[in-house]
Amino acid sequence: MKDYVFMSKKREQNILNSLNFLIYDYLVKMKYEKTAKIFVGEAYLEDVKLNEAPPILSQWYSAFQDISNVRCGLSNNLGDLARIEGIMLKLENEKKRYQQMGKMDNLSYFNMTRGSSETYKSPNNMHYTSPYHPGPSPVVDPRRQVDMRNMHIPGRPIYNEQFPLKARTAQNEPILSKGVNRFEEPINLRGANRFDPNSVSISPKMFEQPNESSDKKFYLRNINSFKITDKNVLLSVLSQKHNILFSVFDNKTVGSFNCNTFKNECIVETNGKQIIKMRIKDDVNFIWLVASFDTNDLMVIRYLVQEVKFEMAGYLRGHAEKIACFDVADYIYSIDNSGSFKKWNFKGICEKEEIFNGNIKKVYYFAENCLILSDANRTYLYNYTMNMEISEISKGLLLSLKKQNNYYLLVFADKAVIHDNNLNKIKILTVPNSSIKNAIFLDSDVIIGSLQCLWFETQGRLNKCKIYEHNEIVTLKNISRYKPGHILVLSNKGECVIMSKCFDN
156 MKDYVFMSKK
166 REQNILNSLN
176 FLIYDYLVKM
186 KYEKTAKIFV
196 GEAYLEDVKL
206 NEAPPILSQW
216 YSAFQDISNV
226 RCGLSNNLGD
236 LARIEGIMLK
246 LENEKKRYQQ
256 MGKMDNLSYF
266 NMTRGSSETY
276 KSPNNMHYTS
286 PYHPGPSPVV
296 DPRRQVDMRN
306 MHIPGRPIYN
316 EQFPLKARTA
326 QNEPILSKGV
336 NRFEEPINLR
346 GANRFDPNSV
356 SISPKMFEQP
366 NESSDKKFYL
376 RNINSFKITD
386 KNVLLSVLSQ
396 KHNILFSVFD
406 NKTVGSFNCN
416 TFKNECIVET
426 NGKQIIKMRI
436 KDDVNFIWLV
446 ASFDTNDLMV
456 IRYLVQEVKF
466 EMAGYLRGHA
476 EKIACFDVAD
486 YIYSIDNSGS
496 FKKWNFKGIC
506 EKEEIFNGNI
516 KKVYYFAENC
526 LILSDANRTY
536 LYNYTMNMEI
546 SEISKGLLLS
556 LKKQNNYYLL
566 VFADKAVIHD
576 NNLNKIKILT
586 VPNSSIKNAI
596 FLDSDVIIGS
606 LQCLWFETQG
616 RLNKCKIYEH
626 NEIVTLKNIS
636 RYKPGHILVL
646 SNKGECVIMS
656 KCFDN
């Protein structure tokens, strides 16, 4: 029996040494010299021959089977196996960090970052080689990335060499027509300027310098004001497909308002419970409404567009504690106060459950298997299938998230930040006193709502438009789908204001 235990321990130690060696070999090949040196000490590899052959398939199978058993809860021996799993997760995070740093995002005037490996390719997908600096591009050590971020890289022409000013002005064409970024940095921050062919397909206002002559000055004009209710409005959501506004009132009811006809349609009671959060999902002939109370249930309602009526679909029950936050996309994603995460389909079936760490306050669907989570201190991207944080997005609690085309608007109390599809920061907008309540895209501009005012930037200047004297802005929505350049503002007292974007002659 003792011999069997000894042989078993020896076998486990051999597997561990072989796996540690493979991890060390991976670190060396990826040129993580500093990390590899630290890992050698932590894994006690000094006495192990580093040129020994890799383990056979059975050893791999045994090691990863044990790891799988630990992750699935089939084994209680957490010790070294948990350590191996932790090392593998750290390697994956370091690999992603290395790839992110390798994008060489240089600093810019509005904290603009350029992601994607396509940055270094010309529009016809041919690699560009400068005639002034022939030869391959230098390999950038990620440990020196911060120091090298603002340095000119040999082999990359600076902006004026690649596109001379005379040639640009002589052709009388905007720079974006060549696939070049119109955003130019201050001279003291200018480094290896590059062009991004993807920038052609997006709104140029997000990339150009504020004082460009093409940035037309605009203002917001009040074209209509009316009251939709005498009750207090707690929150509202807008159906972009059908242009119907759903408002939650303080008398435990929900009402629908048609933004095409500017008329109230119908009201439904919520079974004596006060809704505190609500999300919607558009369908062809109806709209899903998902609402939470101060309980551990979610209520699902359907709004029939043609029949103009509400229809109760049911409740989602399964959380042990009160719902902290939820979001609606192709599925319903909910998190309770204990960190229990559930993914529901619209048939009321829970398809996935996980346990998240931290006191999560907000959740937003980002992509397949990925969510944007936010607690009181920070906002980050999380892969719920791997149960792993991908990257931190920003500090602070996320208030709301808007999407337009391939761009995201993340709204915080002190700033509104525009991100691209890879969550790289493009532009940061702030208002005095950190009083932001909401923000929306309006064409290529951003409109920010505070307590009683709207803020917007035009020609590099921050403009203020006061909407209410005493009431507070509850809802700020873009209704440009049916009325181009129009936004809807709703107060807590039910006063609705329609604003139009107008340009100076």
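The numbering used here applies: residue 156 is where the sequence shown begins, and numbers increase by one.
Note that CB positions come from ideal geometry on N, CA and C, so glycine has one too.
Buried or exposed (CB count within 10 angstroms, at least 16 for buried), Tyr-519: The residue given as residue 519 occupies position 364 in the sequence shown. By the Cβ neighbour-count rule, Tyr-519 is buried, with 16 or more other Cβ atoms within 10 Å of its own.
Inter-residue Cα distance where the pair is Ser-655 and Leu-597: If you number the sequence shown from 1, residue 655 lands on position 500. If you number the sequence shown from 1, residue 597 lands on position 442. Each residue's Cα considered, the two are about 10 Å apart.
Start-to-end residues for the alpha helix (DSSP H) that takes in Gly-196: Within the sequence shown, residue 196 is the residue found at index 41, counting from 1. Its alpha helix (DSSP H) spans residues 188–197.
Beta carbon of Phe-404 nearer than 8 Å to that of Ile-383: Reading the sequence shown from its first residue, position 249 is the one you call residue 404. Reading the sequence shown from its first residue, position 228 is the one you call residue 383. Going by beta carbons, Phe-404 and Ile-383 fall outside the 8 Å limit.
Euclidean distance between Cα positions of Leu-606 and Thr-534: Taking the first residue of the sequence shown as 1, we reach residue 606 at position 451. Taking the first residue of the sequence shown as 1, we reach residue 534 at position 379. Approximately 23 Å between the Cα atoms of the pair.
For Ser-489 and Cys-505, the rounded distance between their alpha carbons: If you number the sequence shown from 1, residue 505 lands on position 350. If you number the sequence shown from 1, residue 489 lands on position 334. Annotation: Cys-505 to Ser-489 spans about 10 Å, alpha carbon to alpha carbon.
Cβ separation of Lys-632 and Leu-393, assumed to be a contact under 8 Å, to the nearest whole Å: Indexing the sequence shown from 1 puts residue 632 at position 477. Indexing the sequence shown from 1 puts residue 393 at position 238. About 4 Å; that satisfies the 8 Å criterion.
Tyr-539 (DSSP reduced to helix, strand or coil): Stepping through the sequence shown from its first residue, residue 539 is reached at position 384. If DSSP states are grouped into helix, strand and coil, Tyr-539 belongs with coil.
Cβ pair Asp-437, Lys-396 closer than 8 Å: Numbered from its first residue, the sequence shown carries residue 437 at position 282. Numbered from its first residue, the sequence shown carries residue 396 at position 241. In this structure, Asp-437 places its C-beta atom within 8 Å of the C-beta atom of Lys-396.
DSSP bridge partner residues for Leu-528 (one or two, in chain order): Residue numbering aside, residue 528 sits at position 373 when the sequence shown is read from its first letter. Partner(s): Val-518, Tyr-535.
Of the listed residues Ile-456, Val-460, Gln-429, nearest to Val-439 (C-alpha basis): Within the sequence shown, the letter at position 284 stands for residue 439. The closest CA to that of Val-439, considering only Ile-456, Val-460, Gln-429, is found on Val-460.
Cut-off 8 Å between Cβ atoms - residues of its own chain near Asn-593, not counting five sequence neighbours on either side: Sequence index remark: in the sequence shown, residue 593 carries index 438 (1-based). In its chain, beyond the 5 residues on either side, Leu-554, Ser-555, Val-566, Ile-603, Gly-604, Ile-628, Thr-630, Leu-631 have a beta carbon closer than 8 Å to the beta carbon of Asn-593.
Gln-461 (DSSP reduced to helix, strand or coil): Working through the sequence shown from its first residue, we reach residue 461 at position 306. Shown here, Gln-461 sits in coil according to DSSP, grouped into three states, outside any helix or strand.
Cβ distance (whole Å) where Ser-529 is taken to contact Lys-550 below 8 Å: Within the sequence shown, the letter at position 374 stands for residue 529. Within the sequence shown, the letter at position 395 stands for residue 550. Here Ser-529 is actually not in contact with Lys-550; their C-beta atoms are around 10 Å apart, not less than 8 Å.
CB contact flag (Val-455, Gly-473, <8 Å): Residue mapping note: residue 455 aligns to position 300 of the sequence shown, counting from 1. Residue mapping note: residue 473 aligns to position 318 of the sequence shown, counting from 1. No; because the gap between Cβ atoms is not below 8 Å, this pair is not in contact.
Rounded straight-line distance, which links the Cα of Ala-571 to that of Met-433: As a first step, residue 433 is located in the sequence shown; it is residue number 278 there, counting from the start. As a first step, residue 571 is located in the sequence shown; it is residue number 416 there, counting from the start. Spanning the two alpha carbons is a distance of roughly 22 Å.
Thr-408 versus Asn-514: straight-line alpha-carbon distance, rounded: On the sequence shown, position 253 is the one that residue 408 refers to. On the sequence shown, position 359 is the one that residue 514 refers to. Cα atoms of Thr-408 and Asn-514: separation of roughly 30 Å, rounded to the nearest angstrom.
C-alpha gap between Leu-617 and Cys-421, whole angstroms: For the purposes of this step, residue 617 is taken as residue 462 along the sequence shown, with counting starting at 1. For the purposes of this step, residue 421 is taken as residue 266 along the sequence shown, with counting starting at 1. So the two alpha carbons sit approximately 39 Å from each other.
Helix, strand or coil at Asp-405 [DSSP, three-state]: Numbered from 1 along the sequence shown, position 250 holds the residue referred to as residue 405. Of the three classes helix, strand and coil, the one that applies to Asp-405 here is coil, per DSSP.
Beta-carbon proximity list for Val-483, same chain, < 6 Å, skipping 5 on both sides: Here residue 483 corresponds to residue number 328 of the sequence shown, with the count starting at 1. Leaving aside the five residues that flank Val-483 on each side, the residues in its chain whose CB is nearer than 6 Å to its CB run, in chain order, Arg-434, Lys-436, Val-445.
Opposing strand residues paired with Ile-545 [DSSP bridges]: Residue 545 sits at position 390 when you count from the first residue of the sequence shown. Partner(s): none; Ile-545 has no beta bridge.
Asp-569 (DSSP reduced to helix, strand or coil): To locate residue 569, count along the sequence shown from 1; it is residue 414. Note: Asp-569 maps to coil in three-state DSSP.
Residues sharing a beta bridge with Lys-619, DSSP: Along the sequence shown, one-based indexing puts residue 619 at 464. Looking at the DSSP assignment, Lys-619 forms a beta bridge with Trp-610.
Host beta strand (DSSP E) of Tyr-374 (start-end): Position 219 of the sequence shown, counted from the first residue, corresponds to residue 374. 373–382 is the span of the beta strand (DSSP E), which, as asked, contains Tyr-374.
Chain-order list of residues whose beta-carbon lies under 7 Å from that of Ile-653 (same chain, five-residue window excluded): For the purposes of this step, residue 653 is identified with residue 498 of the sequence shown, where counting begins at 1. Scanning its chain for C-beta atoms nearer than 7 Å, with the 5 sequence neighbours on each side dropped, one finds around Ile-653 the residues Ile-378, Asn-379, His-641, Leu-643, in chain order.
Val-111, DSSP secondary structure in three states: Lying before the first or after the last residue shown, residue 111 is absent from the chain, which here runs from 156 to 660.
Secondary structure of Met-243, DSSP reduced to three states: As a working mapping, residue 243 is identified with position 88 in the sequence shown. In the structure shown, Met-243 sits in a helix (DSSP, three-state: H, G or I).
CA nearest to the CA of Phe-611, picked from Ile-591, Tyr-199, Glu-624: As a working mapping, residue 611 is identified with position 456 in the sequence shown. Out of Ile-591, Tyr-199, Glu-624, the CA that lies nearest to the CA of Phe-611 is found in Ile-591.
Expected contact under 8 Å - CB spacing of Asn-542 and Asn-524 to nearest Å: As a position in the sequence shown, residue 542 is number 387, starting the count at 1. As a position in the sequence shown, residue 524 is number 369, starting the count at 1. About 11 Å separates the beta carbons of Asn-542 and Asn-524, which is beyond the 8 Å limit, so they are not a contact pair.
Nearest-angstrom Cα separation, counted from Leu-526 out to Lys-371: In the sequence shown, counting from the first residue as 1, residue 371 sits at position 216. In the sequence shown, counting from the first residue as 1, residue 526 sits at position 371. Rounded to whole angstroms, Lys-371 to Leu-526 spans 37 Å at the Cα level.
Beta-carbon spacing of Ile-548, Leu-564 below 8 Å: Residue 548 sits at position 393 when you count from the first residue of the sequence shown. Residue 564 sits at position 409 when you count from the first residue of the sequence shown. Not closer than 8 Å, so no.
DSSP beta-bridge partners of Gln-559: The sequence position of residue 559 within the sequence shown is 404, counting from 1. Paired residue(s): Tyr-562.
Local conformation of Asp-351 per DSSP, three classes: Position 196 of the sequence shown, counted from the start, is the residue given in the question as residue 351. Residue placement at Asp-351 cannot be trusted, given a pLDDT of 39 that sits under 50; what the coordinates show is reported in the next sentence. In the three-state DSSP reduction, Asp-351 falls in the coil class, being neither helix nor strand.
Beta-carbon spacing of Cys-651, Phe-401 below 8 Å: One-based indexing of the sequence shown puts residue 651 at position 496. One-based indexing of the sequence shown puts residue 401 at position 246. For Cys-651 and Phe-401, no; Cβs fall outside 8 Å.
For Ser-646, the three-state DSSP class (helix, strand or coil): Position 491 of the sequence shown, counting from 1, holds the residue named residue 646. For Ser-646, the secondary structure class from DSSP, reduced to helix, strand or coil, is strand.
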